[in-house]
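Colleague: For the record, the sequence lines run as chains C and W.
No gaps in the numbering here: position 352 of the first sequence is 354 in my numbering, and each next residue is one more.
No gaps in the numbering here: position 1 of the second sequence is 3 in my numbering, and each next residue is one more.
For each residue, glycine too, the CB sits at the ideal point set by N, CA and C.
Owing to the predicted nature of the structure, the values given are computational and were not obtained by experimental measurement.
Protein chains: 2
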Amino acid sequence: MNYNTQMEAAKKGIITPQMKLVAKKECRDPEFIRQYVAEGKIAICANKNHKCVDANGVGSMLRTKINVNLGVSRDCKDYDVEMKKVMEAVNMGAEAIMDLSSHGDTTGFRRKLTSECPAMVGTVPVYDSVIHYQRDLATLTAKDFIEVVRLHAQDGVDFVTLHCGITRKTIEQIKSHKRKMNIVSRGGSLVFAWMCMTGNENPFYEYYDEILEICREYDVTISLGDACRPGCLADAGDVCQIDELVRLGELTKRAWAKDVQVMVEGPGHVPLDQVEANMKIQQTICMGAPFYVLGPIVTDIAPGYDHITAAIGGAVAAMAGAAFLCYVTPAEHLALPNVDDVKQGIIASKIAAHAADIAKKIPNARDLDDKMADARRKLDWEGQWECALDPEYAKSIRDERTPEFDDTCSMCGKFCAVRSMNKALSNEYIDIL
Amino acid sequence: MNYNTQMEAAKKGIITPQMKLVAKKECRDPEFIRQYVAEGKIAICANKNHKCVDANGVGSMLRTKINVNLGVSRDCKDYDVEMKKVMEAVNMGAEAIMDLSSHGDTTGFRRKLTSECPAMVGTVPVYDSVIHYQRDLATLTAKDFIEVVRLHAQDGVDFVTLHCGITRKTIEQIKSHKRKMNIVSRGGSLVFAWMCMTGNENPFYEYYDEILEICREYDVTISLGDACRPGCLADAGDVCQIDELVRLGELTKRAWAKDVQVMVEGPGHVPLDQVEANMKIQQTICMGAPFYVLGPIVTDIAPGYDHITAAIGGAVAAMAGAAFLCYVTPAEHLALPNVDDVKQGIIASKIAAHAADIAKKIPNARDLDDKMADARRKLDWEGQWECALDPEYAKSIRDERTPEFDDTCSMCGKFCAVRSMNKALSNEYIDIL
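1) For Glu267(C), write down the residues that DSSP places opposite it in a beta bridge.
2) Using the beta-carbon count (16 or more within 10 Å), is Leu435(C) buried or exposed?
3) Hey, is Gly306(C)'s beta-carbon within less than 8 Å of any beta-carbon in chain W?
4) Are the Cβ atoms of Asp242(W) and Gln284(W) separated by less than 8 Å?
5) Measure the CB-CB distance between Pro292(W) and Val277(W) and report whether it falls below 8 Å.
6) Please classify Ile244(C) as buried or exposed, where buried requires at least 16 other C-beta atoms within 10 Å of its C-beta.
7) Unbroken alpha helix (DSSP H) runs of length 4 or more, entirely within the stretch 81–108 of chain C: which are they?
8) If Ile68(C) and Ala355(C) are in contact, beta carbons under 8 Å, what's the gap, nearest whole angstrom?
9) What does DSSP give as the partner residues of Leu338(W) in its beta bridges?
10) With Ile35(W) as the anchor, note down where its alpha helix (DSSP H) starts and where it stops.
11) Would the stretch 265–280 of chain W and the stretch 226–235 of chain W be scored as touching if the rule is three or more Cβ pairs under 8 Å?
12) If you run the structure through DSSP and keep just helix, strand and coil, what is Leu247(W)?
13) Short check: CB of Glu97(W) to CB of Gly290(W), under 8 Å?
14) Kindly indicate the opening and closing residues of the alpha helix (DSSP H) around Asn424(W).
15) I need the DSSP call for Thr163(W), collapsed to helix, strand or coil.
16) Locate the alpha helix (DSSP H) running through Ile68(W), then write down its first and last residues.
17) Can you find a CB in chain C that lies within less than 8 Å of the CB of Lys177(W)?
18) Name the two residues that bound the continuous beta strand (DSSP E) containing Ile224(W).
19) For Ala317(C) and Ala357(C), I'd like the C-alpha separation in whole angstroms.
20) According to DSSP, simplified to helix, strand and coil, what is Met289(W)?
21) Taking Cβ positions only, does Cys217(C) come closer than 8 Å to chain W?
22) Out of Tyr5(C), Tyr135(C), Arg181(C), Asp77(C), state which residue places its alpha-carbon closest to the alpha-carbon of Asp372(W).
23) Indicate whether the contact test is met: 3 or more Cβ pairs, each with one atom in the stretch 183–197 of chain W and one in the stretch 250–257 of chain W, closer than 8 Å.
24) What is the DSSP secondary structure of Ala322(W), counted as helix, strand or coil?
25) When you check each C-beta in the stretch 179–209 of chain W against every C-beta of chain C, which residues fall closer than 8 Å?
26) Just reading off the alpha helix (DSSP H) that His331(C) is part of, what are its end residues?
27) Drop a sphere of 10 angstroms on the beta-carbon of Ala259(W), count the other beta-carbons inside from all chains shown, and report buried for 16 or more, exposed for fewer.
28) Given Thr108(C), which residues of its chain have a CB within under 6 Å of its CB, disregarding the five upstream and five downstream residues?
29) Would DSSP call Cys234(C) helix, strand or coil?
30) Does any residue of chain W have a CB that is nearer than 8 Å to the CB of Ala337(C)?
31) Quick check: what's the CA-CA separation for Phe407(W) versus Tyr431(W)?
32) Say whether the stretch 19–35 of chain W touches the stretch 152–162 of chain W, bearing in mind that this needs 3 or more beta-carbon pairs closer than 8 Å, one atom from each stretch.
33) How about Asp146(C): is its C-beta nearer than 8 Å to some C-beta of chain W?
34) For Gly59(C), list the residues DSSP reports as bridge partners.
35) Using C-beta distances below 7 Å, list every residue in its chain close to His320(C), excluding the 5 sequence neighbours before and after it, in chain order.
36) Check the Cβ of Phe417(C) against every Cβ in chain W and list those closer than 7 Å, keeping chain order.
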C-alpha cells in the first residue's frame with residue numbers, strides 16, 4: 003500500500019477498496035466518494051488493524067450514520083453481556099459502537115471488539131487512562147495520555163474522541179461566563195479537572211502533532227470532542243461553545259494537512275430554533291468536516307424520554323448537515339441504560355436518521371416508505387411487517403388486540419378509511435355498521 | 003350577553019371572561035388576545051353549553067396545545083374506563099379531548115364529557131351519524147348529517163371536525179391522480195364514500211351556510227377537516243391536498259364573515275423538509291387561522307413508534323406555525339391504543355409542543371428547563387423530579403439502578419462530569435478511581 007490513510011489515498015487519486023464498498027452501499031460513484039474523502043467531507047473510519055470492519059462513510063451527503071455507546075462499568079462488568087449488546091446493536095443497524103468502558107480489563111474488551119465487531123469502533127482514551135494505569139487523574143502525565151492514544155490506535159480503534167479544543171483560556175472562560183451547566187462532557191471534564199489540578203496545558207492540545215503522527219500511522223480518525231457543548235438549553239450557543247468550535251476548525255485543518263481524517267463533535271442541549279444554525283456554523287468553521295452530534299436534545303424537562311427529545315433534535319440536525327448521530331437512551335441523565343433502553347435509543351436514532359435522509363433526498367432513502375404505503379393501501383399486513391423498522395414489536399401490537407374483521411385493525415374497525423376508499427374506488431357498496 | 007361567539011365579541015371590542023382567562027394563562031394582555039380572536043388567528047373553543055370548560059386559546063402566538071383522541075368503540079365499550087382515560091389525559095396536560103366514539107350510546111358519553119371534562123371537547127359528527135341513526139351510510143341524507151351537527155352543538159361540543167373541503171371534483175382528482183394512499187382521513191373517506199354511493203355533492207360543503215348558523219348559535223368552532231391529507235410521504239403536497247387547502251381557505255373566510263371561529267386541519271405524513279412549507283402555505287392560504295395538525299409523521303416505516311415520528315414532525319410544525327397538535331400513539335396504524343399507548347402519545351406530543359414553544363420564544367416557556375439545569379448542576383435529584391414531565395417514571399429509572407455514590411448516577415459513577423466540574427471549580431481534589 004502506497005498510502006497511510008484513506009485521505010492520503012484519496013488525495014493521490016487512489017480509489018481504495020473501502021471507498022468502493024462505501025460507494026456501493028451509498029449508490030454513488032467511487033470517484034464521488036474519493037473526491038469527498040480527499041476534501042475531508044467524508045470520513046471512512048477504518049483502522050488498518052480493525053481487519054473485520056465493514057467500512058462506512060460518514061459525511062453529510064451520505065446516509066446518516068448512528069453510534070451506540072456501550073462498554074463495561076463498575077456497575078455492569080460482564081463482558082459477555084456487553085459483547086452481546088454490541089452485536090445486537092449492529093444487527094439493529096448501528097454503524098458505530100463507542101466503547102466507553104471504565105472498569106476492569108478494558109484492553110481485553112477493546113481487542114475483542116476490534117477482532118469481532120464489523121461496526122466502526124470508537125473510544126475516548128482519556129477515560130481509559132485512569133483505568134489503564136490504575137492511578138488517579140492528578141498523577142497522570144501528558145505522556146501517559148498520549149501513550150493510551152497510541153495503545154488504542156494499535157488495538158485497531160477506528161476513531162478516538164479527543165478533547166483537543168479546550169485550553170487554559172477555557173478555565174477562565176468557564177469561570178467568568180457562569181454557565182448553568184459548566185462542562186457536561188465526561189472526557190472534557192476530566193481534561194479540565196486535570197488542567198486545574200496540575201496547572202498544565204491540555205495535553206491533547208499541546209501534543210496534537212504527536213497525536214496526528216499516531217493517527218496517521220494506523221489511519222485513526224480523530225473525533226474532535228466538544229468539551230464545552232451546552233449541557234442545558236440556557237448554555238446553548240454561548241461563547242464557550244463557539245470559541246471551542248473555532249479551535250476545532252483550526253485543529254481540523256492541521257489534521258488534514260497530515261492526511262488524518264477528522265470528525266467534529268457537536269451539541270448537546272440546543273433549543274430547536276438554534277439547531278440548524280449550529281449545523282451551518284460548524285460546516286463553515288470546520289470546512290465541511292463531518293459533524294457528529296450527541297442529540298441534540300431540545301428540552302431539558304423530559305428525563306426518561308430523552309430518546310424522543312434527541313430524535314427531534316437529531317432529525318433536524320441531520321437534515322441541516324449533521325452526518326453522524328450519537329444515540330440517546332431513555333436512561334440518559336438518570337442511569338446506565340439497560341438492554342431495553344439501548345434498543346429504544348437505537349430505534350429513535352434510526353428514525354431521526356432516516357427521516358433526515360428522506361428530507362435530504364439521499365438516493366433511494368424513501369424506497370421502503372413507498373413500499374410500506376403500497377402494503378398499507380392493500381391492507382397487506384405481511385407486506386407491512388417487511389418494511390417495518392421493528393416488525394416484531396409492530397406485529398405484537400396488532401396481535402395483542404385482534405380486530406373483528408381481518409381487513410381492518412382494531413383502531414377503526416369497519417370505519418377504516420383504507421377499506422372504505424378501496425371499496426368506493428371499485429364502486430362497491432360500503433357497509434359501516 | 004350581547005354577542006353570540008367569542009369572535010363576534012372580539013370584533014365588537016368586548017373582552018370576554020374567556021379572553022381574560024386565556025390572557026392570564028398565556029402571560030399576555032387581554033387586549034392582545036381580543037385582537038387576535040377578532041382576526042381569527044386565535045380560536046377560543048368554548049361552546050356556551052360546555053359550562054365546565056376551562057377555556058384555552060389556540061393560535062400560533064400562544065402555547066402549543068395538544069389534543070387526545072379517545073372514545074368508545076366496538077372493541078372497547080366501557081364508558082367508565084374511557085372517562086377515566088379522559089381525566090388522566092387532562093391531568094397529563096392535554097388541552098383537548100376528541101371524542102371519536104363509534105359504538106353504543108354515543109350521546110350519553112358526549113353529554114357526560116361536556117358536563118364533566120374541563121378540556122375542550124371535539125367531535126367528528128359524520129362518524130356519529132351512522133351510529134346515531136343506526137342506519138348504514140348510503141341511506142343517510144344530507145339533512146341527517148346536518149342534524150347530527152346540531153345535536154353535537156346543543157350538547158356542548160366545543161369544536162367539530164367537518165370535511166367541508168372535498169367536492170365531487172375531488173372524486174375525479176383522487177381517481178386521476180393515482181395517489182398511493184387515496185384518502186386516509188376516516189371522516190373524509192366516509193364523506194367520499196357517501197358521495198360515490200349517492201351521486202350527491204358533499205353535504206358539509208353544500209349546506210355550509212346552514213352549518214355556520216348552527217355554529218354561530220352555540221359558538222362551536224369549526225375544525226375544517228383535511229380529507230385529502232397525505233397518508234404516506236409519497237402523497238405529501240400533491241394537488242389533492244393543496245386544492246382542498248385552497249377551498250378550506252375560502253370556507254375560513256365565509257365562517258369568519260358570520261363570526262364563526264375556525265381551525266384548519268393539516269397533515270398527516272410529510273417528509274421533514276416539507277413540514278415548514280406546509281405550515282407557511284396554510285398560514286397564507288387560510289389567513290393565519292390556527293393550524294391543527296395530525297403528526298405530521300416524517301417516515302412511514304416505524305409502526306409501533308409513530309409517537310416518535312410524530313414528535314419530530316410536530317415539533318417542527320409547531321415551531322413553523324402549527325398551533326395545535328393531535329397526539330399520535332405507538333399503536334397508530336396497528337390497533338386501538340391502550341392506556342399505556344395513550345400515555346406515551348401524550349408525553350411525546352407534550353415534548354414536541356414544549357420544544358416548539360421554547361423555539362418560538364413563547365413567554366416563560368423555558369423557565370422549567372432552566373430550573374432543571376440548576377437542579378442538575380447541584381446534583382439535586384428531588385429538584386430534578388419537580389421539573390420533570392413524568393417524575394415518577396424518571397425516578398423509577400434511577401431507583402431501579404441505584405448508584406454506588408449518592409452524588410452521581412449509575413451511568414457515569416465517579417466519572418460524572420457534573421461532579422468533576424463542581425470539584426474543579428471549587429479547587430477540590432478530584433478522585434476518579
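Modeller: Taking the geometry as given:
1) Bridge partners of Glu267(C): Tyr294(C).
2) Burial call: exposed.
3) Look at Gly306(C): its C-beta is under 8 Å from a C-beta on chain W.
4) Inspection of the sequence shows that residue 242(W) is occupied by Cys rather than by Asp. No. Outside cutoff.
5) No, the pair does not count as a contact, with Cβ atoms beyond the cut-off.
6) So Ile244(C) counts as exposed.
7) Those alpha helix (DSSP H) runs which fall completely within the stretch 81–108 of chain C and span 4+ residues are 81–93.
8) A Cβ-Cβ separation of about 6 Å places Ile68(C) in contact with Ala355(C) under the 8 Å criterion.
9) Bridge pairing for Leu338(W): absent [DSSP].
10) From DSSP, the alpha helix (DSSP H) with Ile35(W) extends over 32–41.
11) At 8 Å Cβ cutoff, the stretches touch.
12) The three-state reading of DSSP puts Leu247(W) in helix, counting H, G and I together.
13) Not in contact: Glu97(W) and Gly290(W) (Cβ atoms no closer than 8 Å).
14) Unbroken alpha helix (DSSP H) run through Asn424(W): 419–427.
15) Looking at Thr163(W) - three-state DSSP - the assignment turns out to be strand.
16) From DSSP, Ile68(W) is part of no alpha helix (DSSP H) but of the beta strand (DSSP E) over 67–72.
17) Proximity of Lys177(W) to chain C, defined by a Cβ-Cβ separation below 8 Å, is satisfied.
18) Note, Ile224(W): beta strand (DSSP E), 223–226.
19) Taking the straight line joining both Cα atoms gives about 6 Å.
20) Met289(W): coil per DSSP, three-state reduction.
21) For Cys217(C), the answer is no, since every Cβ of chain W falls outside 8 Å of its Cβ.
22) Among Tyr5(C), Tyr135(C), Arg181(C), Asp77(C), the Cα nearest to that of Asp372(W) belongs to Arg181(C).
23) Between the stretch 183–197 of chain W and the stretch 250–257 of chain W there are fewer than three inter-stretch CB-CB distances shorter than 8 Å, so the stretches are not counted as touching.
24) In the structure shown, Ala322(W) sits in coil (DSSP, three-state: anything other than H, G, I, E or B).
25) When C-beta distances to chain C are compared with 8 Å, the residues of the stretch 179–209 of chain W below that value are Lys182, Met183, Asn184, Ile185, Val186, Ser187, Arg188, Gly190, Ser191, Leu192, Phe194, Ala195, Cys198, Met199, in chain order.
26) Checking the sequence shown, residue 331(C) turns out to be Thr, not His. Per DSSP, Thr331(C) belongs to no alpha helix (DSSP H) and is neither H nor E.
27) Result: exposed.
28) These residues qualify, in order along the chain: Asp130, Ile133.
29) Here Cys234(C) carries a coil assignment [DSSP, helix/strand/coil].
30) Judged by the 8 Å Cβ criterion, Ala337(C) is in contact with chain W.
31) Inter-residue distance for Phe407(W) and Tyr431(W) is about 17 Å (C-alpha atoms, whole angstroms).
32) They do not touch, by the three-pair rule.
33) Chain W contact via Cβ: absent.
34) Answer by DSSP bridge pairing, in chain order: Ile46(C).
35) The identity of residue 320(C) in the sequence shown is Ala, whereas the question assumes His. Spatial neighbours of Ala320(C) in its own chain (CB-CB distance under 7 Å, excluding positions within 5 residues in sequence) are listed in chain order as Thr66, Leu327, Ala354, Ala355, Ala358.
36) In chain order: Ser104, Tyr129, Arg188.
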